[in-house]
Structure formats: structure tokens, C-alpha cells
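Novice: Could you have a look at this structure, given as C-alpha cells, before my questions?
In the working numbering, the protein residues as written are 99 to 392.
Structure representation (C-alpha cells):
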């Protein structure tokens, strides 16, 4: 249990085609941002995106990672959150100029929002463009899910006392657990659950998950599954850096060393620093040649 206070619960509304996820993040976000010295508005924006990545990842049959990335031409250059199949999450922000007084939603307007889904056995990643339609990250993703996946999805994200809370509910097209086949009844159930969830940000954040769901959906019978525990995880490694050097090419690497005496690669996510001397770069490329010969 990496972080006892950081958790994600999956749940379903019994005998319906509606399911949900609830996530609470604090330590994971603090660990991801401890080296980044973010203004409060950027910390909030990144925290919300990390919550969204966990909620979406937990709805997928994922054997890889999902990345949510926002780029703008304004002071916010890059906002990115990534979550893998084990709820290992990381995120980072790049910006320039005065930014602390700008509201989080204003930061991401007029930008590009890209979702990348990388499955370990897939040759190429799947990428989707999220229209910048909505007044929050939640609304942007709701519109995307409805258009691209044709799945009715509602998201709510709010932060209180530096703890981020996220709720997602979905109405699935088909669900073997649903015993109600009447379309009007199905519609009423979805509308009732969606309406109840509107008060999510008013629920006492100190409640445990069963009590919170009972307070939020008093008329529903809910099956709650065991919690899973998100944590900060960075996927950078010496091997991945060396693969990147191969992509740059030996000639370019030699040019960098001639100018700077060594190659230094800094990970924006975890602050790890990888440094290579001229001799170490020679070994990397010679080993590559030897492996091809054999």
C-alpha cells in the first residue's frame, strides 16, 4: 500500500448499466511536484489533470499508459499527466513569464489537448484530439468521451486542503449486470445518478469512500470494489536515455560533447540526471554495432 491516503475505488450501481470510479490524491501529487516549484494555479491544474488520468486509466483495459497533454501558445507551454495500468502516475509543467495570477481554466484555453494511449504490445500509440470546449478539464474530457467513445461520461474534480478528489460515472452501452431493459427506466437511472453527483464537491472530504458514496447516492444500491493505490512512478531509466541517444545519432552526440564536454539529460518528471562522457557515449554506440554484427 504505497500511500494509504491516496486511493481509487471502482464501483457499480447494482442492476444497472452505470459504473463509477472515485479517486483521492495527495501524496502522489506532492511527490510528482516536489522538484518543480509550481505556482498554486499550476499545481492545481496539474493535480486536476493527474486525477483525470487516473480516472480514465481505471476505465480502460490498459496494459501500458494513458497520457493527457495540453499545449498552448500562451504562458503555459506544456501540461502533461501520465498514468499506467498500475496507477503509477507522473506529471510535469512547462511555462514562461508571469503566470501566478491566471486562473487554471484561462491557462488552458486556446490550446491543444491530446490523449495518447500506449499499449505495450501495440506497434503505434493511439492519439485523440480533445476539443477545447468546456469550462474545466472535466468538461473537456466529458465532451471528448461522448464524441470519440460514444459513452456517456460525467467527471467532477475538486481540491480541498491540498487533497484532490475525482469522481467519474459512465453509462455503458451494454452491461451484463444490468437487469433493467426498459429504456425509459435506464434513462431515469442515469439522470438520477448524474443529478445526485452534482453535489460531489459539497460532500465532506473526511468521509471514507463507502460513507461518501452513500451520502452522495442515498437512493442507490452500490457495489464497491476493493481499493487500489496510486503512487508517483517515473518510467525514465538509463536504458531509455541510451535509446534516445541512439535516435539522436553518434554524429550529433559527438557534436554535443565537443561543445559541452559531456551529454547531460535531465528528467522533467522526477529530476533524475543522466550524464555521459565521451568514452561512455563511445561504449554505447560500439555496443550497438557489436550487437548488430552478432
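The C-beta atom is built at its ideal place from N, Cα and C for all residues, glycine as well.
All values reported here derive from a predicted model rather than from experimental measurement.
Do you know how far the Cα of residue 267 is from the Cα of residue 306?
Specialist: On the chain shown, residue 306 is found 208 positions in, with the first residue counted as 1. On the chain shown, residue 267 is found 169 positions in, with the first residue counted as 1. So the two alpha carbons sit approximately 18 Å from each other.
Novice: Measuring straight from C-alpha to C-alpha, what distance separates residue 210 and residue 225?
Specialist: Start at 1 with the first residue of the chain shown, and residue 210 comes out as number 112. Start at 1 with the first residue of the chain shown, and residue 225 comes out as number 127. Going by the C-alpha atoms only, they are around 12 Å apart.
Novice: Could you check which residue in 187, 105, 191 has the C-alpha nearest to that of residue 138?
Specialist: On the chain shown, position 40 is the one that residue 138 refers to. The candidate whose alpha carbon is nearest that of residue 138 is 191.
Novice: Which residues in the same chain have their Cβ closer than 6 Å to the Cβ of residue 367, if we skip the five residues on either side of it in sequence?
Specialist: If you number the chain shown from 1, residue 367 lands on position 269. These residues qualify, in order along the chain: 188, 190, 332.
Novice: Please tell me whether residue 104 and residue 327 are closer than 8 Å, where the distance is taken between their beta carbons.
Specialist: Sequence index remark: in the chain shown, residue 104 carries index 6 (1-based). Sequence index remark: in the chain shown, residue 327 carries index 229 (1-based). In contact: residue 104 and residue 327 (Cβ atoms closer than 8 Å).
Novice: Tell me which same chain residues have a C-beta within less than 7 Å of the C-beta of residue 339, skipping the five on either side of it?
Specialist: Taking the first residue of the chain shown as 1, we reach residue 339 at position 241. Once the five neighbours on either side are set aside, the close Cβ partners of residue 339 are 363, 372.
Novice: Suppose the cutoff is 6 Å on Cβ atoms and the five residues either side in sequence are ignored; what does the same chain contact list for residue 108 look like?
Specialist: Numbered from 1 along the chain shown, position 10 holds the residue referred to as residue 108. Answer for residue 108: 119, 323, listed in chain order.
Novice: Since residue 179 sits in a beta bridge, which residues does DSSP pair it with?
Specialist: On the chain shown, residue 179 is found 81 positions in, with the first residue counted as 1. BP columns for residue 179 point to 166, 189.
Novice: Taking 8 Å as the cut-off, decide whether the C-beta atoms of residue 153 and residue 253 are in contact.
Specialist: Locating residue 153 in the chain shown gives position 55, where the first residue counts as 1. Locating residue 253 in the chain shown gives position 155, where the first residue counts as 1. In this structure, residue 253 lies closer than 8 Å to residue 153 by Cβ.
Novice: Might you give, ordered along the chain, the residues of its own chain that have their beta carbon closer than 8 Å to the beta carbon of residue 298, omitting 5 neighbours on each side?
Specialist: Position 200 of the chain shown, counting from 1, holds the residue named residue 298. The residues are 254, 256, 263, 265, 314.
Novice: On the three-pair Cβ rule with 8 Å, is the stretch 193–202 touching the stretch 170–181?
Specialist: At 8 Å Cβ cutoff, the stretches touch.
Novice: Where residue 293 and residue 242 are concerned, what is the direct C-alpha to C-alpha distance, given to the nearest angstrom?
Specialist: By one-based count along the chain shown, residue 293 stands at place 195. By one-based count along the chain shown, residue 242 stands at place 144. Their Cα atoms are separated by approximately 20 Å.
Novice: Buried or exposed: residue 129, going by 16 or more other Cβ atoms within 10 Å of its Cβ?
Specialist: Position 31 of the chain shown, counted from the start, is the residue given in the question as residue 129. Under this definition residue 129 is a buried residue.
Novice: Quick check: the Cα distance between residue 204 and residue 261, rounded to an integer number of angstroms?
Specialist: On the chain shown, position 106 is the one that residue 204 refers to. On the chain shown, position 163 is the one that residue 261 refers to. So the alpha carbons of these two residues sit roughly 22 Å apart.
Novice: How many Å lie between residue 311 and residue 288 at the Cα?
Specialist: Looking up residue 311 in the chain shown gives position 213. Looking up residue 288 in the chain shown gives position 190. The straight-line gap from Cα to Cα measures roughly 16 Å.
Novice: On the DSSP bridge list, what partners appear for residue 159?
Specialist: Counting from one through the chain shown, the residue named residue 159 turns up at place 61. Paired residue(s): none; residue 159 is not in a bridge.
Novice: What does the alpha-carbon distance come out to for the pair residue 167 and residue 141?
Specialist: Here residue 167 corresponds to residue number 69 of the chain shown, with the count starting at 1. Here residue 141 corresponds to residue number 43 of the chain shown, with the count starting at 1. Looking at the two C-alpha atoms, the distance is approximately 15 Å.
Novice: Determine the contact status of residue 161 and residue 180, defining contact as a CB-CB distance below 8 Å.
Specialist: By one-based count along the chain shown, residue 161 stands at place 63. By one-based count along the chain shown, residue 180 stands at place 82. It is not a contact, given that the beta carbons lie outside the stated cut-off.
Novice: Residue range of the beta strand (DSSP E) that residue 327 falls in?
Specialist: Here residue 327 refers to the residue found at position 229 of the chain shown. Counting along the chain, residue 327 falls outside any beta strand (DSSP E), and DSSP gives it neither H nor E.
Novice: Helix or strand or just coil, what does DSSP make of residue 133?
Specialist: Start at 1 with the first residue of the chain shown, and residue 133 comes out as number 35. Three-state DSSP puts residue 133 in coil, outside helix and strand.
Novice: So for residue 249, helix, strand or coil by DSSP?
Specialist: Residue 249 sits at position 151 when you count from the first residue of the chain shown. Residue 249: coil per DSSP, three-state reduction.
Novice: What are the boundary residues of the alpha helix (DSSP H) that includes residue 344?
Specialist: Walking along the chain shown from the start, residue 344 turns up at place 246. Here the alpha helix (DSSP H) through residue 344 covers 336–346.
Novice: Could you check the C-alpha separation between residue 164 and residue 376 for me, to the nearest Å?
Specialist: As a working mapping, residue 164 is identified with position 66 in the chain shown. As a working mapping, residue 376 is identified with position 278 in the chain shown. So the alpha carbons of these two residues sit roughly 36 Å apart.
Novice: If you draw a straight line from the C-alpha of residue 235 to the C-alpha of residue 381, how long is it?
Specialist: Position 137 of the chain shown, counted from the first residue, corresponds to residue 235. Position 283 of the chain shown, counted from the first residue, corresponds to residue 381. Straight-line Cα distance between these residues: approximately 46 Å.
Novice: Taking the alpha-carbon positions, what's the residue 304 to residue 133 distance?
Specialist: For the purposes of this step, residue 304 is identified with residue 206 of the chain shown, where counting begins at 1. For the purposes of this step, residue 133 is identified with residue 35 of the chain shown, where counting begins at 1. Cα to Cα, the separation comes out at about 28 Å.
Novice: Let me know the secondary structure DSSP gives residue 365 once reduced to three states.
Specialist: Counting from one through the chain shown, the residue named residue 365 turns up at place 267. Coil.
Novice: How about residue 177 and residue 206: do their beta carbons lie closer than 8 Å?
Specialist: In the chain shown, the residue the question calls residue 177 occupies position 79. In the chain shown, the residue the question calls residue 206 occupies position 108. Yes; because the gap between Cβ atoms is below 8 Å, this pair is in contact.
Novice: Go to residue 119, then tell me how far its beta strand (DSSP E) extends in each direction, as first and last residue.
Specialist: Mapped onto the chain shown, residue 119 falls at position 21. It spans 116–123 - the beta strand (DSSP E) in which residue 119 sits, taken as one unbroken run.
Novice: Where are the beta strand (DSSP E) runs, 3 residues long or more, that stay fully inside the stretch 201–247, in chain order?
Specialist: Segments of the beta strand (DSSP E) lying fully in the stretch 201–247: 209–217, 224–228.
Novice: Starting from residue 268, trace the alpha helix (DSSP H) both ways and give me its first and last residue.
Specialist: To locate residue 268, count along the chain shown from 1; it is residue 170. Premise fails: residue 268 lies in the beta strand (DSSP E), 261–269, not in any alpha helix (DSSP H).
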